[in-house]
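Going line by line, the protein sequences match chains A and B. Be aware that the first sequence starts at 2, since it is given in the numbering used here, and climbs by one per residue. Be aware that the second sequence starts at 2, since it is given in the numbering used here, and climbs by one per residue.
Protein chains: 2
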Amino acid sequence: MRDDDAVFNALADGSRRELLDRLYARDGQTLRELTAGLQMSRQAVSRHLGVLEGAGLVVTRRSGREKFHFLNPVPIQLIHDRWIDKYTERPVTALVDLKTELEQRHDLIDPP
Amino acid sequence: MRDDDAVFNALADGSRRELLDRLYARDGQTLRELTAGLQMSRQAVSRHLGVLEGAGLVVTRRSGREKFHFLNPVPIQLIHDRWIDKYTERPVTALVDLKTELEQRHDLIDPP
DNA sequence: AGAATAGGCAACAAAAATGTTGCCTGTCAA
DNA sequence: TTGACAGGCAACATTTTTGTTGCCTATTCT
């Protein structure tokens, strides 16, 4: 497996993505704050945060008995850069543009 | 679950990401072409491509008995937009910048 | 028509992920 | 120092995922 496996694996779970959403809305929350409203045990949330931290999507900072969590958007930026060419400017603005391009390519392969 | 679940689930598998890499390198490949070199049965690759197509990451076009696969980068762009603010320009250029910001925030909470 | 090619579907076993409960350590306040 | 609070670790059962094998239909070529 490649190194980015942890990132994609962490993003695969809906609860973890919701945790990222919460941190995106307000950074620096503790485990208890993030658990509130998630209808899951504190231990489960703790492990989810551990997965996110292991993937580098969340950075933590401990202060006394509290642990603050921060969103790190860098791995997400890398996902974007992997399949979207920033130089040749692929048609990513709308699906309609892509479909148009597909029709053209298909005409090259199998002309009408 | 949300609607984007299929996309993240599709990206969670390393073999599927490799298929996207291959399509990114050369679009419009058939199932046989994509299977070559992947050390997996054709049926397994077929199901992986089905997952990618179901998530909208791959668009297909059938011509006779052959099926061509094309990469659709739109869902990946949406992932990027979800957690990276394009207006306020968060510090996503380097992890160093983020760490610096985290130090500053921590000083606000727990001054030295 | 007959053979070869491209792809699809379903059932099965093996492997991995998820959430729970129970118990533990460290920190803060009265 | 005693009790309350924040968080961590491990074992367990349940569910999901993954790849294989076997068999099927549709299309192309001789």
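Idealized CB from N, CA, C, for every residue including glycine. Just so it is clear, the structure is predicted and the values come from calculations on it, not from any experiment.
So, does the CB of residue i fall closer than 8 angstroms to a CB anywhere in chain B?
i        : result
Leu39(A) : no
Arg18(A) : yes
His70(A) : no
Gln32(A) : A quick correction: the sequence has Leu, not Gln, at residue 32(A). Leu32(A) does not count as touching chain B.
Leu21(A) : yes
Arg91(A) : With a pLDDT of 48 at Arg91(A), under the threshold of 50, the predicted position of this residue should be treated as unreliable, and no value is reported.
So, for residue i: in the same chain, excluding its five sequence neighbours on each side, which residues have a beta-carbon less than 7 angstroms away from its beta-carbon?
i        : result
Arg23(B) : Gln30 and Leu35
Asp28(B) : Phe71 and Leu72
Ala13(A) : none
Beta-carbon of residue i versus every beta-carbon of chain A: anything under 8 angstroms?
i        : result
Gln78(B) : yes
Gly51(B) : no
Asn10(B) : yes
Ala13(B) : yes
Are residue i and residue j close, meaning C-beta to C-beta below 8 angstroms?
i        : j        : result
Arg62(B) : Phe71(B) : yes
Ile85(A) : Pro76(B) : no
Gly57(A) : Val8(A)  : yes
Leu53(A) : Val46(A) : no
Asp6(A)  : Gly15(B) : yes
Does the Cβ of residue i have 16 or more other Cβ atoms within 10 Å, making it buried, or fewer, making it exposed?
i        : result
Ala37(A) : exposed
Ala26(A) : exposed
Arg18(B) : buried
Ala11(A) : buried
Quick check: the Cα distance between residue i and residue j, rounded to an integer number of angstroms?
i        : j        : result
Asp82(A) : Ser42(A) : 36 angstroms
Phe69(B) : Leu32(B) : 8 angstroms
Leu21(B) : Gln44(A) : 35 angstroms
Glu67(A) : His49(A) : 17 angstroms
Gly65(A) : Val59(B) : 48 angstroms
Gln78(B) : Leu79(A) : 11 angstroms
Only counting the same chain, and skipping five residues up and downstream in sequence, which positions put a Cβ closer than 8 angstroms to that of residue i?
i        : result
Thr89(B) : Residue placement at Thr89(B) is flagged as unreliable, the pLDDT there being 48, under the threshold of 50; the coordinate-derived value follows with that caveat. Nothing listed; no residue qualifies.
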